[in-house]
Amino acid sequence: MFRSKDERYAGYLEQTRVYLGKLFRIFVYEKDWKVLPMAGIIAAMVAYVVGQNMFVNMEGTKIGSLAFVCVCIWNGFFNSIQVVCRERSVIKREHRSGMSIFSYLSAHVIYQSMICALQVGISLAVYVLMNVKFPTEGVVTGNFLADIFITLFLITFAADMMALMVSCIVHSTTTAMTVMPFLLIVQLVFAGVAFPLHGLPDAISNAAISKWGIYAVCTESNYNNLPTSMLKKSWMLIKNSEYIQALQELKGLSDDESLSEVEEEIYQDIIHTVQKSLQVKEYETNEKNVLKEWGILLAFALLYAIIGMVALAFVDRDQR
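Take the sequence shown: its position 305, counted from the start at 1, is 420 in this note's numbering, and no numbers get skipped.
Have a look at this one:
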């Protein structure tokens, strides 16, 4: 007898519930909870290194956003890179006995989303405790911490789903752990911060989670209106240069007060010019940009989950 559509739907839900319960038992009894304190430790190291200038000036925010995004990607990759391939033989046997691949992976997606949310919450708590100077107003929700939580969650979740996809495709944990460093390097290189990208590499970077994650963080941080610290350290050298002395002679300035006024005027003009040159159109702070970046990150996550599901559906053909 064939089951009705409602009966099949109920069967999918029941299998999802069963596998979700299994994952939570593994979390408790096989110490998968260790990913949570690790997220806090990594966040503490990042906050210690880049937290002082994050959200304070352009340079600190750009480098800090790369570090924040790398934390999310690192957490996401380690969450799920081995979860499917380590039990591939079990999946193959249970699939032949009637297990639904859709239900199995749905349970993983739900479980991983919860882990990602907890990791982001812990990371943000660590950043706050380590006195990272977060803005107060958010672009979308009105609260910056709420906005940045959503952004970091979507980055972590997208990375998690990419790793889950890899785990569905490869046949062993050894292969999975071999692929992971390559994926991490790709995300770092194509983030567009550590290395300038032009032409084809810039086009390829559109497929990188890191690029859109950094766009979202910088957009929410009001990057284009932050001050720049690029010239502060070198300004003393400029003040003592022949350029300033020539200006003094040109304008016939003899007293220190007049010279200071000229120096300040030049300094402000240069700072304004440099700050304008460092502004990035994609970092313009508005709700439309943030929602676009959130949508892209969510689309990445869904795409990776679907590819993983399709790949795992052929597990019966696995000859290993």
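Glycine residues also receive a C-beta, built at the ideal position from the N, C-alpha and C atoms.
Bear in mind that the values here come from a model prediction, so they are computed numbers and not experimental data.
Range of the contiguous alpha helix (DSSP H) that encloses residue i
i      : result
ALA428 : Counting along the chain, ALA428 falls outside any alpha helix (DSSP H), and DSSP gives it neither H nor E.
CYS200 : Looking at the DSSP string, CYS200 is not in any alpha helix (DSSP H), and its letter there is neither H nor E.
LYS326 : 324–335
ASP317 : 315–319
PRO152 : 150–165
SER195 : 173–195
Cβ distance (whole Å) where residue i is taken to contact residue j below 8 Å
i      : j      : result
LEU279 : TYR419 : 7 Å
LEU233 : LEU151 : 6 Å
ASP431 : HIS210 : 6 Å
PHE412 : ILE324 : The question names Phe, but residue 412 is Leu in the sequence shown. So it is a contact: roughly 7 Å between Cβ atoms.
GLN130 : SER215 : 5 Å
TYR338 : VAL395 : 7 Å
CYS200 : ALA274 : Between ALA274 and CYS200 the Cβ distance is about 17 Å, and since that is not below 8 Å, they are no contact.
TYR398 : THR334 : 5 Å
Classification of residue i by the beta-carbon crowding that lies within 10 angstroms, buried from 16 upward
i      : result
GLU408 : buried
GLY136 : exposed
MET276 : buried
LEU427 : buried
HIS223 : buried
ASP262 : buried
PHE259 : buried
VAL254 : buried
GLY314 : exposed
GLY423 : buried
PHE183 : buried
ASN190 : buried
PHE415 : buried
THR293 : exposed
ALA322 : exposed
PHE272 : buried
ASN340 : exposed
VAL281 : buried
ASN401 : exposed
ALA440 : Beyond the ends of the chain as shown, which are 116 and 435, falls residue 440; an answer cannot be given.
VAL164 : exposed
LEU128 : exposed
VAL332 : buried
GLU252 : exposed
VAL235 : buried
THR289 : exposed
ILE421 : exposed
ILE300 : exposed
SER218 : buried
ARG132 : exposed
PHE429 : exposed
Cutoff 8 Å: residue i Cβ touching any chain D Cβ
i      : result
GLN394 : This model lacks chain D altogether; it includes just one protein chain.
Margin query: For the pair the segment 264–273 and the segment 328–336, tell me if three or more CB-CB distances fall below 8 Å.
Written below: Because the criterion of three Cβ pairs below 8 Å is met, the segment 264–273 and the segment 328–336 touch.
Margin query: When you compare the segment 131–148 with the segment 304–313, are there three or more beta-carbon pairs, one atom per stretch, that lie closer than 8 Å?
Written below: At 8 Å Cβ cutoff, the stretches do not touch.
Check: Any contact of the segment 236–250 with the segment 157–170, i.e. 3+ C-beta pairs under 8 Å?
Finding: yes
Check: Quick one: complete alpha helix (DSSP H) runs, 4+ long, within the segment 243–307?
Finding: 259–284, 288–304
Note to self: Quick check: the segment 215–233 against the segment 194–203, are at least 3 beta-carbon pairs closer than 8 Å?
What the structure shows: yes
Margin query: Under 8 Å: do the segment 244–261 and the segment 159–173 share three or more Cβ pairs, one atom per stretch?
Written below: yes
Check: On the three-pair Cβ rule with 8 Å, is the segment 178–194 touching the segment 202–217?
Finding: Segments in contact, no.
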